[in-house]
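Numbering follows my numbering, in which position 56 of the sequence shown is assigned residue number 56; successive positions increment by one, without gaps.
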Amino acid sequence: MEITLIKRDKTRSDLKKDLGISPSTLAKMSRGEVVALTVILKICEYLDCPIQEVVEFIEDKSEYS
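Set out below in structure tokens:
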């Protein structure tokens, strides 16, 4: 997401201000924690980008062992 923010000349502060996303939600995203899909989609719309530019899917193979 950071690269997309730079490309769009936006910052995390813009996300907080323009979308009303809380600092704790942005911190969760930075730590790779679960964030509501509605928030992710809101960010995608705001940045006019596909979801792959905002999140990365990493399969947890330990559940399938």
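Yeah, the Cβ is synthetic: ideal placement off N, Cα and C, and Gly gets one too. Bear in mind the structure is a predicted one, so any value in this text is a computation, not a measurement.
Counting only unbroken stretches of 4 or more residues, the alpha helix (DSSP H) elements lying wholly within the region 6-61 are 12-19, 23-31, 37-47, in sequence order. Cβ contact annotation for LYS42 (same chain, cutoff 6 Å, sequence separation greater than five): LEU19, in chain order.
When the beta-carbon positions are compared, LYS17 and PRO23 stay at least 8 Å from each other.
Closest in alpha carbon position to VAL35, among CYS49, PRO50, VAL55, is VAL55. Looking only at GLU59, CYS49, LYS61, ASP60, the smallest Cα-Cα distance to MET1 is reached by CYS49. The beta carbons of ARG12 and LEU47 sit no closer together than 8 Å.
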